[in-house]
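Going line by line, the protein sequences match chains Z and F.
Counted from 1, the first sequence has number 349 at position 19 by my numbering; the numbering is strictly sequential.
Counted from 1, the second sequence has number 135 at position 132 by my numbering; the numbering is strictly sequential.
Since the structure comes first, as structure tokens, the remarks are kept for the end.
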Amino acid sequence: MDWSLVWKAILALAGLSFLFGVLLAIASIRFRVETDPRVDEVMDVILGSNCGACGYPGCQPAAEAVVAGAAPVDVCVAGGKKVAEAVARVMGVPLEMRERGVALVHCKGGLSESVPKALYQGISTCAAADKIAGGGKACSFGCLGLGTCRDVCPVNAIIIDPDRRRWVDRDRCTGCGLCVEACPRSLIEIVPRHQEVLVVCNNRDKGGTAKKICSVACIGCKKCEKVCEADAIHVEDNLARIDYEKCTDCGNCIDVCPTNVIVRVVPAKAAKKQQPVLA
Amino acid sequence: MNEAYRYFLIFLGALLIYNILLIRFIALCPLMGVSTQVETSIGMAMSVLFVMTMATTVSWVAWNYMLKPLHVGEFLYIPVFILIIAALVQFVEMFIRKSSPPLYRAMGIYLPLITTNCAVLAAATESVKPGFLKLNVAYHFSLPEALIYTIGVALGFGIVIIVFACIRERLETSPVPHVFKGAPIAFIIAALLSLAFMGFANLLGL
């Protein structure tokens, strides 16, 4: 056996490895990029799933923004209070939580409430159904119930039951607003979390039409306007709207509404014992 | 066969006739993994082109000026080329991170992926040991030939992965049967594309 070949092979490989090792060592000093070590620390404590709920393209840019002072410490929407505390500890600043809103789907009609006009069998996304003559529902304002909002929700807060009604789990919802953008009918609104009385309809048809196509549609009767003690609810364009600044959550309008489109959501803690809150 | 025509044949053979992804099925993992969005597949294609060209150049030099004179190339080329590619990718990553942050943001996340990409190793190996081209030339690439061959391979990789990503984006909204959703339908698409690329076989006698 030719032993010189073995020595040559060992020498060649060892020599190359050594050469590359030295080169990389020099390069790592020469091309060092100064980064704030806090960026990595923030990256460690935020969730790191790149959900995009904060509005930044991913967790790395969000962490950089926090360290640069461009984003608040509670930037990680999906992480909630625990993560915000950890980020505040890394940054050495006091914890300040912004009040997060909560998503509200302005439609109450499922398969048993809303009148169908067609049997939609196409692609199962809301955007596709909306484009093909408005999907299967007679109401051209209401929720199609095909789950586009549920699919974009990073924290699985939106539930769609077999009757195609939407439920927002208010404990999970972080108010990130991804569903607001995803909904092709702009049905979803981020409402203040403390607000209890809400109008759950988006139908702007005249009263008679609305009544025919959905049993839980706002018919624009203005009864709520008359009983409101704070001048907070108004019917515009055949649809009741609440001014959340003025509303006192008294609930007078709930009692008079003939089609039950105004509801009171139960505060998150009480709701835990019951069903997820319809909103 | 004149010089320019030979270059053309080498390029065409690497690009289409012996396409690295669809005919030889090397580097299936980026084909399945990085092809869900057109944007990321373009990034991957550019990074592969860049790294492959550099890796081949260094590998060619290492083969012709070190492994061959020492007569150790025949059994040592795979570890040496892997060493070269891994070190090179690390170096390039550090270099562009320092010199061009925008380029780093566009390509940076793909570079570590390429370190272990078998397509890069395949191109480096074949640039010194051309195995499949039935060219009527001596089986030894000169440096320009090796570079043209590599660019052909990388562009072939890029074309296929971008076309594949376009198809997969379109598939997102198609009514695919439940059992075929995700990877199964992607493999079927890859097989159909591969059949299409087989149509190039024997083109210009290659």
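Yeah, the Cβ is synthetic: ideal placement off N, Cα and C, and Gly gets one too.
The structure displayed is predicted, hence computed values, not measured ones.
Check	Outcome
7 Å Cβ cut-off: residues of chain Z touching F/ILE93	First, the residue type needs correcting, since residue 93 of chain F is Gln and not Ile in the sequence shown. Ordered by position in chain Z, the residues that pass the 7 Å Cβ test against F/GLN93 are LEU354.
Start and end residues, beta strand (DSSP E) containing Z/ALA433	432–435
Residues in the segment 48–77 of chain F having any Cβ partner in chain Z nearer than 9 Å	ALA65, MET69, LEU70, LEU73, HIS74, VAL75
Spatial distance of Z/ALA342 from Z/LEU425 (CA atoms)	58 Å
Short-range partners of chain F found in the segment 392–414 of chain Z, where Cβ spacing is below 8 Å	none
Heavy atom of the ligand NAP within 7 Å of F/LEU34 beta-carbon	Among the components of this structure there are no ligands whatsoever, and the ligand NAP is therefore not found.
Alpha helix (DSSP H) runs wholly inside the segment 379–430 of chain Z, at least 4 long, in chain order	389–398, 410–421
Contact with chain F by Z/ALA540, beta-carbon distance below 8 Å	no
Status (buried if at least 16 other CB within 10 Å, exposed otherwise) for F/VAL92	buried
F/HIS74 in three-state terms, based on DSSP	coil
Length at least 3, wholly inside the segment 85–136 of chain F: the beta strand (DSSP E) runs in chain order	none
Partner residues on chain F for Z/ALA482, Cβ-Cβ distance less than 9 Å	Checking the sequence shown, residue 482 of chain Z turns out to be Val, not Ala. Going along chain F, no residue has its Cβ under 9 Å from Z/VAL482, so there is no contact; the nearest lies around 14 Å.
Per-residue DSSP class, three states only, for F/ASN139	The predicted model places F/ASN139 with a pLDDT of 46, which falls under 50 and marks its position as unreliable, so this point remains unresolved.
Inter-residue Cα distance where the pair is Z/VAL397 and F/MET47	29 Å
Reduced DSSP secondary structure (H/G/I, E/B, other) of Z/ILE376	coil
When F/ASN22, F/PHE94, F/CYS169, F/VAL37 are compared against F/LEU116, the one with the closest alpha-carbon	F/VAL37
Any C-beta of chain F under 8 Å from that of Z/THR455	yes
Partners in chain F for Z/VAL338, counting only beta-carbon separations shorter than 7 Å	The identity of residue 338 of chain Z in the sequence shown is Lys, whereas the question assumes Val. Result: LEU73, VAL75.
As assigned by DSSP and simplified to three states, the class of Z/CYS558	coil
Proximal residues to Z/ARG534 (C-beta, below 7 Å), its chain only, five neighbours per side dropped	PHE471, ASP567, ASN568, LEU569
Paired residues, beta bridge with Z/GLU519 - DSSP	Z/LEU434
Supposed contact pair F/LEU86 and Z/PHE350 - C-beta distance, whole angstroms, cut 8 Å	7 Å
Nonlocal neighbours in the same chain, by C-beta distance under 7 Å from F/MET35, ignoring five residues either side	ALA186, ALA189
Close Cβ partners of Z/GLU443 (< 7 Å) along its chain, the five nearest in sequence each way excluded	CYS544, SER545, VAL546
Exposure label - Z/GLY345; buried when at least 16 CB within 10 Å	exposed
Buried versus exposed call for Z/ARG428 [16 or more other C-beta atoms within 10 Å across all chains shown]	exposed
Chain Z contact for F/THR119 (CB, 8 Å cutoff)	no
Cβ of Z/VAL363 within 8 Å of any chain F Cβ	yes
Same chain only: Cβ atoms within 7 Å of Z/ASP370, ignoring 5 sequence neighbours per side	none
Residue(s) in a DSSP beta bridge with Z/ARG362	DSSP output for Z/ARG362 lists no bridge partner at all.
Environment of F/VAL140 [buried if 16+ CB atoms lie within 10 Å]	In this prediction, F/VAL140 scores a pLDDT of 48, lower than 50, which makes its location untrustworthy; no coordinate-derived value is stated.
Interface flag, Z/LEU335 vs chain F, CB-CB below 8 Å	yes
Neighbourhood of F/ARG171 by C-beta distance below 8 Å, restricted to the same chain and skipping five residues each side	SER38, THR39, ALA189, ILE192
Opening and closing residue of the alpha helix (DSSP H) in which F/ARG27 lies	Note, F/ARG27: premise wrong, no alpha helix (DSSP H); not H, not E.
Same chain only: Cβ atoms within 6 Å of Z/GLY399, ignoring 5 sequence neighbours per side	none
Pairwise C-alpha distance: Z/VAL363 and F/PRO133	40 Å
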